[in-house]
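> Read top to bottom, the protein sequences are chains A and B. Using UniProt numbering, the first residue of the first sequence is number 1, and each one after it goes up by one. Using UniProt numbering, the first residue of the second sequence is number 1, and each one after it goes up by one. Take a look at the following structure, please.
There are 2 protein chains.
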Amino acid sequence: MMNVAIMGFGTIGSGVYEALEANRQLIAEKVGQEIAVKYVLDLRDFPGTPVEDKIVHDFSRIVEDDDISIVVETMGGLNPAYPFVKACLEAGKHVATSNKALVAAYGTELLAIAREKQVNFMFEASVGGGIPIIRPLYRCLMGEQILEITGILNGTTNFILTKMDKEGASFNGALKEAQDLGYAERNPEADVEGHDTCRKIAILTAMATGREVNYEDIYTEGITKITDTDFKYAEKMGTSVKLFGSSRMDGDTVHAWVAPLMIGKNHPLYSVNDVYNGIMVKGNMVGTTMFYGSGAGKLPTASAVVADIMEAATHPDSNVPLGWSSERLSIAPMESSSHRYFVRISGRYEASKDMVANHLGNIEVITLEGLNEYAVVTDRMGEAKFRQAAEGLAADLNQSYQEVLQTIRAEL
Amino acid sequence: MMNVAIMGFGTIGSGVYEALEANRQLIAEKVGQEIAVKYVLDLRDFPGTPVEDKIVHDFSRIVEDDDISIVVETMGGLNPAYPFVKACLEAGKHVATSNKALVAAYGTELLAIAREKQVNFMFEASVGGGIPIIRPLYRCLMGEQILEITGILNGTTNFILTKMDKEGASFNGALKEAQDLGYAERNPEADVEGHDTCRKIAILTAMATGREVNYEDIYTEGITKITDTDFKYAEKMGTSVKLFGSSRMDGDTVHAWVAPLMIGKNHPLYSVNDVYNGIMVKGNMVGTTMFYGSGAGKLPTASAVVADIMEAATHPDSNVPLGWSSERLSIAPMESSSHRYFVRISGRYEASKDMVANHLGNIEVITLEGLNEYAVVTDRMGEAKFRQAAEGLAADLNQSYQEVLQTIRAEL
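Listed below in structure tokens is the structure:
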């Protein structure tokens, strides 16, 4: 029998308990022994529940108990998650976490401790909820040179954008619905400003390259400026707008960014809707593969933690080679990336036709009946060049009391 | 250094050599030692190529060489692949194969020998080409009770059906194009009659349940009867027709079948086009996940073989628990499955309205201008009941010189 402690009995932590119970026999058969939850660390007591007699309030009970070989961290946040996880690894215990903030901020150090102590620090649940993506990167695609990872990595923003796309909702209306359904938090900043996606693409990039990524180096733009008008154009164009995290490996540097992207119907991630996530991985031999599933939710995320527990249980005395070294990866500045750009401009096209051609070059024009504005899509161009062009265009437009209303990167 | 022998230097075998060369350093780093190809077994000589001095014509050179720890089988077919693979496993060598016919026919026995000899018999490349699917089932979703696996598992037929769907091609025209492009063989029977898909869904079902599946027990219907007229209806209905292999676990029995299926735009596999494959896996905790990528092709398939080689190289002295036992799984007869049915009937709807309602119950009617026929889609009903109803309908229609022109199962 292997004893597990669960730290944090919120949605994910209680889901892990439930998943271990639901598939108890199957798990025991696959692992070769029973997996039992001995402790649940939480501030609350949960009287009258099956975990009543497992609750402990004192972390030392867990870290000092030699019977505990695997610790699950589902508290979230950095404090006390970071010192607790570090202490568990140092005490020679395997740790499985769903905490992307912890992995993005302290992954390098925690992976190094795990290697030194010959245990495992695992975090399948930190990206893509229940979708297997961390393990495919080190188990299934380990012979690949990964060229690109691009994904819809945040269920909350994907739900909001899907509502705006399919039902014509406003950003605020869709956000409120997401909050009412429990998909978005009262303070939705981490999701809607792209910070959550940023941490996840940082983790995936580090997994793909084997090198540390400072998530703060990644250009991050959220979805708060996307409007229902943008989706009216998208509908006419047969496109959609989704929040992407993307990483393209280019020798020793990496182009990584988080931003809303306008995509067409042929994009492999076009039909990833609602709270689902989809992650595209491009390897130099395998070409493009895609992984899709529930990006959040109690049991899907718990399923990923259980997979980590089972991997640790089948490698009890060894460190499974995964993760990254302390060598820092250089992230290229956003200015060096290149995209197409969807740009909305006030007034009539005829009035500013020459200015637009002058600054943005070759373009497609889209007009919507009843609106005193129009949109253009540029050819692919460097971000630095585009920013300069957009600045020049804005100055010229200003002369004729017109302005740039919106800019969204596009892959069409 | 670990020495590998490649048996069969056709498309896949030479792809494995190429992939091992292309990512040689990366592979050596991940595995901890170099992987070197020592022998290539083929009837041909390949003079002037890099494998010239590795070619052997005599299998005993491989099986009797203690330096060879991993053997790749990319010959295809059962003879001599089966005796060669068996002999290699019995000699204590790991085997990685891309040969679905071998795995479907002799997997149970070969897995048992591998377990006994503490080596590994691996076949990631046998299903889904480069898409990681075998390994996710035993590594990533090992804590899940798998409820359903449904996939587009054959690139050739998916290419043909996509041509028919998007370009209005006839079956014969699309097949010829697939043959000209090298996607379909001169004798395309294994693909277009569904036999290839049948072997693949049998392997996936055995992986998911841990029990042996006799692929001959699986109802198998190919795509040779699908016509361009069917796709005219599909276009009007906003649907498509694709060849599916499907397996739904229902306690101790399994509903498994291979057949063309009409699906709507919201089906997760709707946008899997051309030679791509997509495989949906439903687990009791994780919900629905989907894996997508190149279902065939030299380097993608080689990539899957390389992943197997690397797994064997990182577990040189142990058997990784995967596969299935000799306990036979019971496959429910097709009659006990249930579907909706798309049925085309000659003549005008008004002429046979009452007969159709009488036999098929509640239906949707679809008509196409200029055709002296119409189509209906039934509600979900048992296959046995439908067959009886369709027989009765055919008899009645016959009275008024009408007939059933087509039947395709539907999930709309």
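Think of the CB as a built atom: it goes at the ideal place given N, C-alpha and C, for glycine as much as any other residue. Quick caveat, the model's predicted, so the values are computed rather than measured.
Quick test of the definition: if touching needs 3 or more C-beta pairs under 8 Å, does the segment 323-337 of chain B touch the segment 378-398 of chain B?
yes
> Measure the Cβ-Cβ separation of residue 355 of chain A and residue 19 of chain B and say whether it is below 8 Å.
no
> For residue 201 of chain A and residue 247 of chain A, what's the separation of their Cα atoms in angstroms?
7 Å
> Look at residue 245 of chain A and residue 198 of chain A and say whether their C-beta atoms are less than 8 Å apart.
yes
> Taking 8 Å as the threshold, find out whether the segment 34-54 of chain B comes into contact with the segment 109-122 of chain B through three or more Cβ pairs.
They do not touch, by the three-pair rule.
> Please state if the CB of residue 153 of chain B and the CB of residue 277 of chain B are separated by a distance shorter than 8 Å.
yes
> Counting Cβ pairs, one atom from each stretch, are 3 or more of them under 8 Å apart for the segment 289-309 of chain A and the segment 121-130 of chain A?
By the criterion of at least three beta-carbon pairs nearer than 8 Å, the segment 289-309 of chain A is in contact with the segment 121-130 of chain A.
> Determine whether the beta carbon atoms of residue 404 of chain A and residue 343 of chain A lie at a separation below 8 Å.
yes
> Which value, in whole angstroms, describes the spacing of the CA atoms of residue 233 of chain A and residue 243 of chain A?
17 Å
> Taking only beta-carbon positions, decide if residue 132 of chain A is within less than 8 Å of chain B.
yes
> Start and end of the beta strand (DSSP E) containing residue 151 of chain B?
146-152
> Starting from residue 27 of chain A, trace the alpha helix (DSSP H) both ways and give me its first and last residue.
24-31
> Shortest alpha-carbon distance to residue 131 of chain B belongs to which of B/97, B/264, B/294 and B/251?
Of the candidates B/97, B/264, B/294 and B/251, the one whose C-alpha sits nearest the C-alpha of residue 131 of chain B is B/294.
> Check the Cβ-Cβ distances between residue 206 of chain B and every residue of chain A, and say whether any is below 8 Å.
no
> Please tell me whether residue 160 of chain B and residue 208 of chain B are closer than 8 Å, where the distance is taken between their beta carbons.
no
> Just curious, the alpha helix (DSSP H) that residue 499 of chain A is in, first and last residue?
Nothing can be reported for residue 499 of chain A, as the shown portion of chain A is limited to 1 through 412.
> Could you check whether the Cβ of residue 167 of chain A sits closer than 8 Å to any Cβ belonging to chain B?
No - not a single Cβ of chain B is within 8 Å of the one on residue 167 of chain A.
> How is the beta strand (DSSP E) around residue 230 of chain A delimited, first residue to last?
Counted as a single uninterrupted DSSP element, the stretch harbouring residue 230 of chain A is not any beta strand (DSSP E) but the alpha helix (DSSP H) occupying residues 228-237.
> In this structure, how does DSSP classify residue 282 of chain B when only helix, strand and coil are distinguished?
Assigned with DSSP and collapsed to three states, residue 282 of chain B falls in strand.
> Is residue 266 of chain A helix, strand or coil by DSSP?
It is coil, neither helix nor strand.
> For residue 372 of chain A, count the other beta carbons within 10 Å of its own beta carbon; 16 or more makes it buried, fewer makes it exposed. Which is it?
exposed
> Closer than 8 Å, Cβ to any Cβ of chain B: which residues of the segment 281-301 of chain A, in chain order?
283, 284, 285, 286, 287, 288, 289, 290, 291, 292, 293, 294, 297, 299 and 300
> Check whether the Cβ atoms of residue 100 of chain A and residue 68 of chain A lie closer than 8 Å to each other.
no
> With a threshold of 16 other CB atoms inside 10 Å of the CB of residue 410 of chain B, please say whether the residue is buried or exposed.
buried
> Below 8 Å on the Cβ atoms is my contact criterion, and I expect residue 290 of chain B with residue 270 of chain A to pass it. Report the Cβ-Cβ distance as a whole number of Å.
Rounded, the Cβ-Cβ distance is 14 Å, inconsistent with contact.
> Please classify residue 225 of chain A: does DSSP put it in a helix, a strand, or coil?
coil
> How is the alpha helix (DSSP H) around residue 155 of chain A delimited, first residue to last?
155-167
> Between residue 63 of chain B and residue 36 of chain B, which are expected to be in contact by the criterion C-beta below 8 Å, what is the C-beta distance as a whole number of angstroms?
Between residue 36 of chain B and residue 63 of chain B the Cβ distance is about 18 Å, and since that is not below 8 Å, they are no contact.
> Taking only the alpha-carbon atoms, compute the straight-line gap between residue 84 of chain B and residue 206 of chain B and give it to the nearest angstrom.
Each residue's alpha carbon lies about 23 Å from the other.
> By the criterion of Cβ-Cβ separation under 8 Å, what are the contact partners of residue 303 of chain B in chain A?
141, 143, 144, 283, 285 and 286
> Run through DSSP, which three-state label would residue 344 of chain B get?
strand
> Check whether chain B comes within 8 Å of residue 260 of chain A, counting only Cβ atoms and requiring the distance to be less than that.
no
> Touching or not, the segment 316-323 of chain A and the segment 222-238 of chain A, by the rule of three or more beta carbon pairs under 8 Å?
no
> Looking at the unbroken alpha helix (DSSP H) that takes in residue 74 of chain B, where does it start and where does it end?
Where residue 74 of chain B is concerned, there is no enclosing alpha helix (DSSP H), given that its DSSP letter is neither H nor E.
> Specify, as a first and last residue, the run of the alpha helix (DSSP H) that residue 9 of chain A falls within.
No alpha helix (DSSP H) holds residue 9 of chain A; DSSP gives it neither H nor E.
> Just tell me which of B/362, B/24, B/42 and B/165 has its CA closest to the CA of residue 8 of chain B.
B/42
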